[in-house]
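Q:
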Amino acid sequence: MPLTRVFLGLGSNIEREAHLVAGLDALAGLLDDMRCSPVFESHAVGIKSGNFFNLVVVGETELPLLELDRRLKFIEADNGRYAPDRKGLPLDIDVLLYGEQVGNFNGLVLPRAEILKNAFVLWPLALLAPQLRHPLDGRSFAELWASAQIDQQLWPAAFQWRGAELTPTELLQARPS
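Position in the sequence shown (first residue = 1) + 103 = the numbering used here.
1) Is the beta carbon of Phe143 closer than 8 Å to that of Trp258?
2) Can you name, in chain order, every residue of its own chain whose Cβ lies under 6 Å from the Cβ of Leu168, other than the five neighbours on each side?
3) Do Leu225 and Ser115 count as a contact pair if the criterion is CB distance below 8 Å?
4) Is it right to say His122 is buried, meaning 16 or more other beta carbons lie within 10 angstroms of its own, or is it exposed?
5) Between Leu199 and Ala216, what straight-line distance do the alpha-carbon atoms span, to the nearest angstrom?
6) Per DSSP, what are the beta-bridge partners of Asn182 in this structure?
7) Below 8 Å between beta carbons: does that hold for Asp136 and Gly162?
8) Put Gln256 into one of helix, strand or coil per three-state DSSP.
9) In this structure, how does DSSP classify Thr107 when only helix, strand and coil are distinguished?
10) Between Leu113 and Gly132, how many whole angstroms is the CB-CB distance? I'm expecting something under 8 Å.
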């Protein structure tokens with residue numbers, strides 16, 4: 104089966120570092136040529152909770168879309184996402200883009216609407232794939248971020264995975280005080 108480029112959004116607001124590292128480790132076993140955006144901290148959107156860490160990853164997979172989504176649910180479950188007594192969101196992984204696919208695939212709508220609605224998705228996506236064009240809007244993610252009018256607070260967060268800093272120092276230094 105040919106490889107498909109996929110973009111995934113990850114977020115956590117409980118034991119954020121541990122859950123994101125576990126999620127990235129699991130995704131590294133599913134995706135070829137996986138790359139990560141910088142990590143951003145943001146206030147929760149739509150729920151009352153502590154701050155989130157968010158990032159976007161890109162990689163290539165042989166898995167069909169629905170099988171990939173099924174495996175992402177297992178990774179979330181392994182991190183306590185569906186535990187009955189959980190408080191907050193240990194790990195959330197969403198398919199943002201799957202190749203050039205557009206439409207509703209058994210309830211999985213692509214491209215994911217959150218790309219244009221949430222700064223914690225659009226900014227990391229614009230940094231990871233600035234020239235890539237949104238399949239419906241047609242503008243590049245860098246153009247979309249530059250013109251975004253999203254009223255959400257977020258800032259770069261220091262984060263290491265497998266000994267590498269995911270958030271560059273210059274981005275951290277640009278953080279508002």
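Heads up, the beta-carbon is just placed ideally off N, CA and C, and yes, glycines get one too.
A: Considering the structure as presented:
1) yes
2) Tyr201 and Phe208
3) no
4) buried
5) 8 Å
6) The partner list for Asn182 (beta bridge, DSSP) is empty, contrary to what the question assumes.
7) yes
8) coil
9) strand
10) That belief does not hold up - the Cβ atoms of Leu113 and Gly132 are roughly 15 Å apart, past 8 Å.
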